[in-house]
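All remarks here apply to the structure that follows.
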Amino acid sequence: MSKVISVNAGSSSLKFQLFNMPEEEVVCSGVIERIGQAEGIFTIKCNGEKHVINQPFPSHDEAVAKLMEALIEYKVVESLEEIKGAGHRIVQGGAYFSDSAIVDEDSTAKVLELAELAPLHNLPEVRCCQAFQKALPELGNIYVFDTAFHQTMKPASYMYALPYEWYTDYKVRRYGAHGTSHMYVANRTAELMGKDVKDLKIITCHLGNGASITAVDGGVCVNTSMGFTPLGGIMMGTRCGDIDPAIVPYMMKKTGMTPDEMDAALNKKSGMLGVSGISSDARDVEIAAIEGDPRARLTQEIYVNRIVNVVGGYYMQMGGCDALAFTAGLGENNQYFRRKICEGLEKGMGLRVNYELNASFRAEEVKISTEESKVSAWVVPTNEELMIARDVVRLLGL
């Protein structure tokens, strides 16, 4: 038995889960928030208890050091040497990585090179990994890439109709995101169906504040909705998703916005927040819609419309679909959007849903389609941390 830690770092946060592997038992979990701010918050759950510590964490170095200290203090481990490996989520792996990779000079150089494609993610993720290397010099580390699962797409799916040298010289292409989640959910859905994922066509819907949809044929990605960055694809909490690109220069001329201001508008002021004028949270929008707010209702209709369009397109691209799986915060918990999406797919895909079942479960593995349905529909809570831990074991030979 080996202890393995899965790490998901942001610019000001560090989420983690510690596993006993290969048993896949969660030993503890938690998050350190507000790194680099005046007052940080460290929450750790272990041994049936929850501990909250408030103190400054000037950088990821101090955050990781405090985490190591807490593992000893709360008797999660007797010695830090019990931890044999760490897996670090990396948002952008570009075309370099079609699988997770052991952390070394070469892989780190490539991750840093790709930071310009994900400046808010890759840099802090590398810094966090380096903090683990500093705290535990003998620890084996691997990078797990959000984009790796999507590297099986063919050029017809990942290329844009732009000057070809933009691709060769500047790496402009579709990369996608949430790949670790999509891979886990597709494989877990196949397990729940009692079938081999290689024999199935599955469409996975990772619906959260950030959202993407992936077509999985025979266990590999053939298309995904997010694009060059996580801004592309379907409507999200604050991101616009796919739009006519001519809108960007048009609105910049009309309003005098700078490129940075336009970027902020599309990433942080659009989506559900922008249309509703209420919130980026689907729950707030739903309450307002029930109360009769017309923009809230429109927000819901646009969201469902965009997802139905993408799922329908993937259904045609794969020549059918055996299963539709909902995951992530909204996908796992919001029965209203699941119902409306399934209703939108009923005629075209022959999808039939047990709406009583759909309304009865939250964040649980459950089949919500009827036996008469031509496509089975599932709710499958994602587990990216477990996928990261499995890759640590696989690549480090633990």
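So in numbering that gives the first Met the number 0, spot 206 of the sequence shown is number 205, and the numbers just go up one at a time.
In this text, a Cβ means the ideal position worked out from N, Cα and C, and glycines have one as well.
Next on the checklist: Residues in the same chain with beta-carbon distance under 6 Å from K267, minus the five sequence neighbours each way, listed in chain order, please.
Outcome noted: By the criterion of a C-beta distance shorter than 6 Å, K267 is surrounded in its chain by T237, once the five residues flanking it on both sides are discounted.
Checklist entry - When the Cα of N7 is compared with those of S275, I89, G319, which residue comes out closest? => result If you compare the alpha carbons of S275, I89, G319 with that of N7, the shortest gap goes to I89.
Item to check | S372 vs A322 beta-carbon contact at 7 Å | outcome: No, Cβ-Cβ distance for S372 and A322 is not below 7 Å.
Checklist entry - Apart from the five residues just before and just after L119, which ones in its own chain have a Cβ nearer than 7 Å to its Cβ? => result Only residues of its own chain outside the window of five on either side were considered, and among them S10 have a CB closer than 7 Å to the CB of L119, listed in chain order.
Item to check | Three-state class that DSSP yields for C320 in the structure shown | outcome: It is coil, neither helix nor strand.
Checklist entry - Which residues in the same chain have their Cβ closer than 7 Å to the Cβ of A147, if we skip the five residues on either side of it in sequence? => result G92, F96, S97, D98, S99, G178.
Next on the checklist: Considering only DSSP beta bridges, list what D98 is partnered with.
Outcome noted: In DSSP, D98 forms no bridge with anything.
Item to check | Continuous beta strand (DSSP E) assignments of at least 3 residues falling wholly in the segment 199–285 | outcome: Runs of the beta strand (DSSP E) inside the segment 199–285: 200–206, 210–216, 219–223.
Checklist entry - Do you know how far the Cα of V110 is from the Cα of N140? => result Between N140 and V110, the C-alpha separation is close to 14 Å.
Checklist entry - What three-state label does DSSP hand I71 in the structure shown? => result Correct three-state label for I71: helix.
Item to check | Residues near R361 by beta carbon distance below 6 Å, same chain, minus five either side | outcome: Listed in chain order, the non-local C-beta contacts of R361 below 6 Å within the same chain comprise N332, local neighbours out to five positions each way being set aside.
Checklist entry - Beta carbon of G240, beta carbon of I246: below 7 Å? => result For G240 and I246, no; Cβs fall outside 7 Å.
Item to check | Residue of T228, K194, P136 minimising C-alpha distance to D262 | outcome: Its Cα nearest to that of D262, the residue T228 stands out among T228, K194, P136.
Next on the checklist: Relative to the C-alpha of A85, which candidate in Q16, I34, E77 has its C-alpha closest?
Outcome noted: That would be Q16, whose Cα lies nearest to the Cα of A85.
Checklist entry - Where does S375 fall in DSSP's three states? => result Strand at S375.
Checklist entry - Going by other Cβ atoms of all chains shown within 10 Å of its Cβ, with 16 needed for buried, is P380 buried or exposed? => result It counts as buried.
Checklist entry - Below 8 Å, can you find three or more Cβ-Cβ pairs linking the segment 47–66 to the segment 119–132? => result Yes: the two stretches touch, three or more of their Cβ pairs being nearer than 8 Å.
Item to check | Beta bridge counterpart(s) of G86 as assigned by DSSP | outcome: Partner(s): S5, I141.
Checklist entry - Quick one: what does DSSP say E345 is sitting in, helix, strand or coil? => result Reduced to three states, the DSSP call for E345 is helix.
Item to check | Selected residue, minimal CA-CA separation from A155, among L191, G175, I202, N222 | outcome: Closest option to A155, Cα to Cα, is N222.
Checklist entry - Can you round the beta-carbon distance between I306 and I202 to whole angstroms, since I take them to be within the 8 Å contact cut? => result A Cβ-Cβ distance of about 10 Å is found for the pair I306 and I202, leaving them out of contact under the 8 Å criterion.
Checklist entry - Rounded to the nearest angstrom, how far is the Cβ of M235 from that of N208, given a contact under 8 Å? => result Their Cβ separation, rounded to whole angstroms, is 6 Å, which keeps M235 and N208 in contact under 8 Å.
Item to check | Sequence-distant residues of the same chain with beta carbon closer than 7 Å to T107, five excluded per side | outcome: Around T107: V125.
Checklist entry - What is the C-beta distance between E32 and S12, in whole angstroms, given that I count them as a contact (C-beta under 8 Å)? => result About 5 Å separates the two Cβ atoms, so the contact holds.
Checklist entry - How is I357 classed by DSSP in three states: helix, strand or coil? => result One point to set straight first is that residue 357 is Asn, not Ile, in the sequence displayed. N357 falls in the helix class under three-state DSSP.
Item to check | V171 in three-state terms, based on DSSP | outcome: In this structure, DSSP gives V171 a state outside helix and strand, which the three-state scheme calls coil.
Item to check | Sequence-distant residues of the same chain with beta carbon closer than 6 Å to G35, five excluded per side | outcome: Answer for G35: S11, listed in chain order.
Item to check | Contact check, I101 vs L385, beta carbons under 7 Å | outcome: Taking 7 Å as the Cβ cut-off, I101 and L385 do not qualify as a contacting pair.
Next on the checklist: I need the straight-line Cα distance from G29 to C45, nearest angstrom please.
Outcome noted: Between the alpha carbons of G29 and C45 lies a distance of about 9 Å.
Checklist entry - With respect to the beta strand (DSSP E) encompassing T42, which residues constitute its N-terminal and C-terminal limits? => result First-last of the beta strand (DSSP E) with T42: 39–45.
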